[in-house]
Amino acid sequence: MYGKWKGLSLVVVLAVMLTLTSTAMAEKVTITYWSGWGGSELEDLKVIIEEFNQSHPNIQVETTTIFGAYEKLLTAIAGGRSPDVVSAVWASQLAGLAHNGGVIPLDQYIDASNQIKPEDFFPSLWQSFQYNGSVYGLAATTNTNFIAYNKAMFREAGFDPETPPADLNELQTAMRKLTQWDEEGNISRLGYQPGGLFKWGLVFGGNWYDESAKKVTATDSKNVEALQWLADFWSEYGIEKTQKFTAGFGNYWSPNNPFMVGKLAMQDYGEWLAQFVDKYNPDLEYGMFANPNPPGGRANVTTFGGSVFCIPTGSSYPDEAWEFIEWITGEYAQKKIAQVFANMPPRKAVAEDPELLAQMPILKFGLQLLNGPNAFADSVAIPVWAQYLEEIGRAEEQVTRGQMTAEQALRDVERKIQRELDRALR
Numbered sequence: 016m017y018g019k020w021k022g023l024s025l026v027v028v029l030a031v032m033l034t035l036t037s038t039a040m041a042e043k044v045t046i047t048y049w050s051g052w053g054g055s056e057l058e059d060l061k062v063i064i065e066e067f068n069q070s071h072p073n074i075q076v077e078t079t080t081i082f083g084a085y086e087k088l089l090t091a092i093a094g095g096r097s098p099d100v101v102s103a104v105w106a107s108q109l110a111g112l113a114h115n116g117g118v119i120p121l122d123q124y125i126d127a128s129n130q131i132k133p134e135d136f137f138p139s140l141w142q143s144f145q146y147n148g149s150v151y152g153l154a155a156t157t158n159t160n161f162i163a164y165n166k167a168m169f170r171e172a173g174f175d176p177e178t179p180p181a182d183l184n185e186l187q188t189a190m191r192k193l194t195q196w197d198e199e200g201n202i203s204r205l206g207y208q209p210g211g212l213f214k215w216g217l218v219f220g221g222n223w224y225d226e227s228a229k230k231v232t233a234t235d236s237k238n239v240e241a242l243q244w245l246a247d248f249w250s251e252y253g254i255e256k257t258q259k260f261t262a263g264f265g266n267y268w269s270p271n272n273p274f275m276v277g278k279l280a281m282q283d284y285g286e287w288l289a290q291f292v293d294k295y296n297p298d299l300e301y302g303m304f305a306n307p308n309p310p311g312g313r314a315n316v317t318t319f320g321g322s323v324f325c326i327p328t329g330s331s332y333p334d335e336a337w338e339f340i341e342w343i344t345g346e347y348a349q350k351k352i353a354q355v356f357a358n359m360p361p362r363k364a365v366a367e368d369p370e371l372l373a374q375m376p377i378l379k380f381g382l383q384l385l386n387g388p389n390a391f392a393d394s395v396a397i398p399v400w401a402q403y404l405e406e407i408g409r410a411e412e413q414v415t416r417g418q419m420t421a422e423q424a425l426r427d428v429e430r431k432i433q434r435e436l437d438r439a440l441r
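In this note's numbering, the protein residues as written are 16 to 441.
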């Protein structure tokens, strides 16, 4: 009798073990991750992701890049073939995707997490992850915007290379003295090419949107001033001559980058500047300064952006996708990514890490800007941001070519985008 029960017990134990083993095997989930990074950055990222795979035996992340073909994500979501997790989403696209139901809110996951807390991130960055009060994405890396300058050229022009322009008047003086012309009156070196009306509107003290009233504010008087200043630049240097000169610029992501080869004395950059110098011109003597403002403007303005990790609507494994997001945007992975990509970490503790700052001193400059009161997302959190940005660019083109006044052009922008926004919000 005892032997019979003993044999039966053994069978039961084996059955339980087989069941547990089968269950454990069945619980291993493979999630599809679509990345916006490509080339060597993607390969470096895969090495970091493999650490996640090794430390999470029940989850396997399969990485695919859609670099240069970002529209595939929208097509996949619309067609019900979403990946499980994606970072090929610019922060500027987040509001539109969230508004149209393309990505799911992360609030329930964040509330239950011990690793993701709003106060861990730079406040302005955390705000950029939200739409209508909910968080829809998290960043593992970001960047800040500033101006880089060639110290040797400053020295040759009679400037103190350790004292860059402190205000807009000083920037304009430097632009004029650093620009060079050939015997035929063509530009051979440009002091600086100010671009991006959105940023300069902020620098002048303007605002582009009133969140509380849901009103587009393109005609803010400071935005008008900024646009007129840009138009004056093109008028002074000649739009045809300037465009002819800039048409000869080499690939930005190459040794022929105009700043690296001396065609621009000053250029807009982010923390990747240090990586560019190491790759393309290790002998370049450069410095950095914040976007200089006019009287009444904002000091030390920086804009930030980058891609964010989201869970698309239709993800087959949202819980596992969140586990991956929680890890990749955590302190350990953020530090690894910062070291590889030479970008600013979104977490304050990582950005302030002494070891990281010693390895990449350039982060100290961006850290000051992100900690300041004038750090802005490089977009407005509205579902029609893409159209808004396009219209801002069109207004800049019209005014610089003398087709409209700055006020007229921005009035058209405001009227058109407000109509589109009202339609979207309805």
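We put the CB at the ideal spot given by N, CA and C, even for glycine.
DSSP places V276 outside both helix and strand once states are collapsed to three, so it counts as coil. Annotated three-state conformation of W342 is helix, per DSSP. Annotation: G285 to M359 spans about 9 Å, alpha carbon to alpha carbon.
Here the alpha carbons of K214 and N306 stand approximately 9 Å from one another.
Of the candidates S250, C325, N315, E411, the residue whose Cα lies closest to the Cα of L382 is N315.
Per DSSP, reduced to three states, the secondary structure at S322 is strand. Between Y85 and D334, the alpha-carbon positions lie close to 24 Å from each other.
Collapsing the DSSP output to three states places L205 in a strand. The beta carbon of L217 is closer than 6 Å to those of V316, F391 in its chain, skipping five residues each way along the sequence. For W49, the uninterrupted beta strand (DSSP E) segment begins and ends at 44 to 50. Ranked by Cα distance from L205, the options D182, E226, G253, F380 are led by G253. Between E66 and Y48, the C-beta spacing is not below 8 Å. Secondary structure note for A233: it is in no alpha helix (DSSP H), with a DSSP letter that is neither H nor E. The C-beta of P273 has 16 or more other C-beta atoms within 10 Å across all chains shown, which makes the residue buried. Taking every protein chain shown into account, the CB of A228 has fewer than 16 other CB atoms within 10 angstroms, so this residue is exposed. The count of Cβ pairs closer than 8 Å, one atom from the region 361 to 369 and one from the region 334 to 351, reaches three, so the stretches are in contact. Taking C-beta separations shorter than 7 Å and ignoring five residues to either side along the sequence, the partners of M168 in its chain run L193, A280, following chain order.
Straight through space, the alpha carbons of Q413 and A424 are spaced by roughly 7 Å. Under DSSP, N165 forms a beta bridge with Y301.
DSSP places I131 in the coil class of the three-state scheme, outside both helix and strand. Residues of the same chain with their beta carbon placed closer than 6 Å to that of D298 are lacking, with the five preceding and five following residues left out of the count. Taking a contact as a CB-CB distance under 8 Å, the pair I407 and V231 does not count as one, their CB atoms being some 11 Å apart. By alpha-carbon distance to D122, the top candidate from V150, E134, S143 is V150. With a cutoff of 8 Å on beta-carbon distance, I119 and M303 are scored as not near each other.
Straight-line spacing of the CA atoms in L245 and E405 works out to 17 Å. Taking a 10 Å sphere around the C-beta of W268, we find fewer than 16 other C-beta atoms and assign the residue as exposed. Scanning Y146, L378, E338, A91 for the CA closest to the CA of W400 turns up Y146. Apart from sequence neighbours up to five positions away, the residues of its chain that approach L378 with a beta-carbon distance below 7 Å are E286, M359, A366, L371, L372, ordered along the chain.
The region 322 to 337 makes contact with the region 90 to 110; the number of CB pairs closer than 8 Å reaches 3 or more. Close CB contacts of E411 within its chain, under the 7 Å cut and outside five residues either way in sequence, are with L212, L242, L245 (chain order). Residue burial annotation: G417 is exposed, with fewer than 16 other C-beta atoms found within 10 angstroms of its C-beta. DSSP places Y295 in the uninterrupted alpha helix (DSSP H) bounded by 288 to 295. When C-alpha distances from Y207 are compared across D197, E177, A233, N165, the shortest belongs to N165. The region 58 to 114 is shown to contain whole alpha helix (DSSP H) runs of 4 or more residues at 86 to 93, 109 to 114, in chain order.
Sixteen is the threshold: when 16 or more other Cβ atoms of the shown chains lie within 10 Å of the Cβ of W223, as they do, the residue is buried. Shortest Cα-Cα distance from V355 to any of G111, G345, L60, L385 involves L60.
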